[in-house]
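Worksheet: one structure, shown below.
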Amino acid sequence: MSLSSRLHRAIQNAADRGDGSTRAERVVLRFFVLTSAALFLAGLAGTIAAGRTASTPNLPELLQALPSESSDDLLLLALLTLCATPLARLVALTVIHLRPGRLTVALLAIVVMAMLGLGFLLGLHD
Amino acid sequence: MTAQSFPWLIVTGALTGLIGSLLGVGGGVFLVPVLVLLFHVPMHLAVGTSLVVVVTTSSTVGALRGAAGTPNLPLGLVLELSTLVGAIGGGLVAGLVPARALVAIFGLILLPIGVLMWKRNRPAAAATPATSGYQVRNLPAGLSVSFLAGAISGLLGVGGGIVKIPALTLLCGVPTKVAVATSNFMIGITAAASVFLYIGRREVEPMLTAAVVVGVMIGSGFGLALGRKLEGWQIRRVFAALLWITATQMLLRAGGWWLR
């Protein structure tokens with residue numbers, strides 16, 4: 000079966016069944032959204048209370064914020080967590096679809112993740 | 000950015016989240032003009048902030064919508080292949096375009112988006128109840144429109160849902176409810192790809208983004224609850240009229256005729 004036929008079949012199967020988001024996918028989304036919200040609130044409150052303004056980072060500086068606990072860096076960590084949410088969703092989708100053997104959907108999710116990675120790498124070197 | 004601006008930025012974010020979740024779009028078409036025209040945020044920073052907001056709207060709605068969300072995930076993933084190429088291209092081109100030109104392009108793009116918003120989902124179309132058993136057709140056309148939506152998203156910081164939803168319903172034969180959920184799934188991934196390019200150019204300001212994002216998370220929750228009680232097509236028509244006014248203001252700003 001050609002790649003095009005496989006894709007069409009995967010799409011049509013989902014259309015026939017009316018598949019939607021799974022509970023596991025929503026749990027992952029909730030975790031990332033709530034974590035980034037808490038970090039944004041803590042970072043915003045800390046930075047305003049200290050009377051400072053956070054610097055505008057580039058991507059390497061954003062990654063360096065990972066081990067830190069200052070309020071400025073909490074904002075950067077929040078930003079990173081939020082921007083990583085779609086990636087986490089794709090990882091969850093891959094795992095969810097690998098288990099029942101829906102390889103086409105899992106592979107599609109991996110290819111989309113690779114393209115997200117390309118965006119990240121281009122940002123790193125911009 | 001002063002400390003006095005923050006409550007207003009949170010309110011702006013809440014309104015963006017409310018509108019985004021009510022209309023099934025990312026909210027960038029509302030947020031970017033407000034940041035540029037009212038808060039005098041530089042255009043590229045406004046676009047970068049808006050992309051983070053699109054990720055927020057998509058993720059929050061996806062997390063809260065529950066079982067009512069019925070995206071066609073394989074379709075969304077296939078269309079993302081061309082959308083992401085457009086989004087990364089748009090994000091790279093945005094770094095080369097002067098701010099005033101970007102404001103003018105945004106104003107011009109808002110005009111047809113207003114028309115799409117006005118025409119979309121009139122009562123007869125909204126009555127389509129099916130979320131399964133439909134035939135997906137015209138995938139190559141869907142891929143082409145998705146590329147365009149991705150390029151607009153990467154260039155202007157909008158989700159592109161307003162382009163994707165009509166394409167999914169009219170070209171690909173997807174029911175409206177599924178199209179809205181599939182578009183919401185896609186816009187977060189699309190925006191995430193180009194937001195890294197904006198961060199790389201120092202065009203995402205953390206405090207501005209934090210204030211807006213906190214508001215968006217609150218507004219999206221209210222929007223989902225309110226959406227069950229309001230007539231969607233009436234809201235869309237009011238919003239379409241607002242878009243045309245905003246487009247005019249953006250074009251005036253680009254021409255240097257904006258009066259403060």
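Order-wise, the sequence lines are chains A and B.
Residue numbers for the first sequence follow numbering that gives the first Met the number 0, so the first one is 0 and each next one is one higher.
Residue numbers for the second sequence follow numbering that gives the first Met the number 0, so the first one is 0 and each next one is one higher.
Think of the CB as a built atom: it goes at the ideal place given N, C-alpha and C, for glycine as much as any other residue.
If you're wondering where the values come from, they're calculated on a predicted model, not measured in any experiment.
Starting from residue i and walking both ways along the alpha helix (DSSP H), at which residues does that stretch end?
i	result
R16 (chain A)	2–16
G94 (chain B)	Segment: none, G94 (chain B) is in no alpha helix (DSSP H) and carries neither H nor E.
F119 (chain A)	102–124
C35 (chain A)	Per the sequence presented here, residue 35 (chain A) reads as Ser, with Cys not at that position. Counting along the chain, the alpha helix (DSSP H) containing S35 (chain A) begins and ends at 22–48.
H43 (chain B)	42–63
G199 (chain B)	175–199
With 7 Å as the threshold, decide whether the Cβ of residue i is near any Cβ in chain B.
i	result
P95 (chain A)	Note on identity: in this sequence residue 95 (chain A) is Ile, with Pro being the wrong assignment. False, the Cβ-Cβ gap to chain B never drops below 7 Å.
P85 (chain A)	yes
G122 (chain A)	yes
A41 (chain A)	no
V32 (chain A)	yes
T55 (chain A)	yes
A91 (chain A)	no
M114 (chain A)	yes
L58 (chain A)	yes
Residue i versus chain B: which residues are under 7 Å apart at the beta carbon?
i	result
R29 (chain A)	A62
Q11 (chain A)	V135
A37 (chain A)	Chain B residues near A37 (chain A): none, gap ~10 Å exceeds 7 Å.
A77 (chain A)	A209
Which residues in chain B sit within 9 Å of residue i, going by Cβ to Cβ distance?
i	result
L48 (chain A)	Contrary to the premise, residue 48 (chain A) reads as Ala rather than Leu in this sequence. Here the premise fails: no neighbours, minimum Cβ distance about 10 Å.
Can you list, in chain order, the residues of its chain with a C-beta nearer than 8 Å to that of residue i? Leave out the 5 residues immediately preceding and following it.
i	result
S260 (chain B)	Outside the modelled stretch of chain B, which goes from 0 to 259, sits residue 260 (chain B), for which no answer is possible.
L36 (chain B)	T245, Q248, M249, R252, W257
Excluding the five sequence neighbours on either side, which residues of its own chain have a C-beta within less than 7 Å of the C-beta of residue i, listed in chain order?
i	result
A140 (chain B)	L170
K176 (chain B)	T69, T130
V33 (chain B)	T11
G75 (chain B)	T181, F184, M185
V60 (chain B)	S20, N183, S219, L223
A124 (chain B)	Only weak support exists for where A124 (chain B) lies, its pLDDT of 46 falling under 50; the value from the coordinates is given anyway. Result list for A124 (chain B): T175, in chain order.
L109 (chain B)	V28, L242, T245, A246, M249
Can you list the residues of chain A that residue i reaches, using a CB-CB cut of under 8 Å?
i	result
I151 (chain B)	What I151 (chain B) touches in chain A: nothing, since even the nearest Cβ is about 16 Å away.
I87 (chain B)	M114, L117, G118, L121
M216 (chain B)	V32, A36
P73 (chain B)	L6, A9, I10, N12, A13, T103, V104, L107
Once the 5 residues before and after residue i are set aside, which same chain residues still bring their CB inside 6 Å of it?
i	result
G90 (chain B)	G153, S193, L196
A210 (chain B)	F5, L8, I9
L138 (chain B)	none
Give a yes or no on whether the minimum CB-CB distance between residue i and chain A is below 7 Å.
i	result
M42 (chain B)	no
G16 (chain B)	no
A191 (chain B)	yes
P205 (chain B)	yes
A123 (chain B)	Residue placement at A123 (chain B) is poorly supported in this model, since its pLDDT is 47, which falls under 50; the coordinates still yield a value, given next. Closer than 7 Å: no.
T274 (chain B)	Nothing about residue 274 (chain B) can be reported from this structure: the residues present for chain B run from 0 to 259 only.
G270 (chain B)	Outside the displayed span of chain B (0 to 259) sits residue 270 (chain B), for which this structure offers no information.
F26 (chain B)	A small fix is needed here, since residue 26 (chain B) is Gly in this sequence, not Phe. Chain A contact via Cβ: absent.
M185 (chain B)	no
I198 (chain B)	yes
P174 (chain B)	no
L95 (chain B)	no
R99 (chain B)	no
I188 (chain B)	yes
Output yes if chain E places a C-beta closer than 7 Å to the C-beta of residue i; else output no.
i	result
V35 (chain B)	Protein chains A and B are contained in the structure displayed, whereas chain E is not.
Closer than 9 Å by beta-carbon distance: list the chain A residues that pair up with residue i, in chain order.
i	result
F5 (chain B)	L43, I47
L80 (chain B)	L107, V110, V111, M114
Mind listing the chain A neighbours of residue i? Cutoff is C-beta to C-beta under 7 Å, in chain order.
i	result
T55 (chain B)	L81
Please list the partners that residue i has in chain B, where partner means a Cβ-to-Cβ separation under 8 Å.
i	result
R16 (chain A)	S131
L61 (chain A)	I198
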